[in-house]
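S.K.: Following this message is one structure expressed as structure tokens.
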Amino acid sequence: MFYELRRYTAQPGRRDELVKFMEEVIIPYQVSKGMVVTASFIDEENPDVYIWMRRFEDEADRQQLYAATYDNDHWKNEIAPITSQLMIREKMVVTRIVPTAKSVLH
Numbered sequence: 001m002f003y004e005l006r007r008y009t010a011q012p013g014r015r016d017e018l019v020k021f022m023e024e025v026i027i028p029y030q031v032s033k034g035m036v037v038t039a040s041f042i043d044e045e046n047p048d049v050y051i052w053m054r055r056f057e058d059e060a061d062r063q064q065l066y067a068a069t070y071d072n073d074h075w076k077n078e079i080a081p082i083t084s085q086l087m088i089r090e091k092m093v094v095t096r097i098v099p100t101a102k103s104v105l106h
């Protein structure tokens, strides 16, 4: 099992809009496709940063869920264009992390 820790930088002053869109549109949509979203955060020190986390059983699970989530017209035509307006894609950071043996996330 591993997680993706995803750090997004919102367009200046638009983090609240990004969070709302994530929590009301993107996360429910991805969950409906089988994604396991484990956390959603705002950065307390940076007013433009939003962080969220997803869990995958293994690489095959990740590939299957990515295909189900992103390889369709709804994502490409309805959701992706809005995310491009709300965040700075060039500043997106995705880190794959694995919980240690004693982590509660294991």
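If you read the sequence shown in the UniProt record's numbering, its first letter stands for residue 1, the second for the next number, and so on.
No residue lacks a Cβ here, since even glycine has one placed at the ideal position from N, Cα and C.
Just so we're clear, the structure is a prediction, and the values are computed from it rather than from any experiment.
Kindly indicate which three-state DSSP category E45 falls into: helix, strand or coil?
M.R.: If you number the sequence shown from 1, residue 45 lands on position 45. Of the three classes helix, strand and coil, the one that applies to E45 here is coil, per DSSP.
S.K.: Do M53 and V37 count as a contact pair if the criterion is CB distance below 9 Å?
M.R.: For the purposes of this step, residue 37 is taken as residue 37 along the sequence shown, with counting starting at 1. For the purposes of this step, residue 53 is taken as residue 53 along the sequence shown, with counting starting at 1. Note that the C-beta distance between V37 and M53 is below 9 Å.
S.K.: Are the region 9-21 and the region 70-88 in contact at 8 Å, needing three or more beta carbon pairs?
M.R.: Yes, the region 9-21 touches the region 70-88.
S.K.: Let's test the definition: count the other Cβ atoms within 10 Å of the Cβ of M92 and tell me whether it reaches 16, buried, or not, exposed.
M.R.: Taking the sequence shown and counting its residues from 1, the one referred to as residue 92 is at position 92. By the 10 Å Cβ count, M92 comes out exposed.
S.K.: Looking only at C-alpha atoms, which of H106, S103 and D58 sits nearest to M35?
M.R.: Mapped onto the sequence shown, residue 35 falls at position 35. Of the listed residues, the one whose Cα sits closest to M35 is D58.
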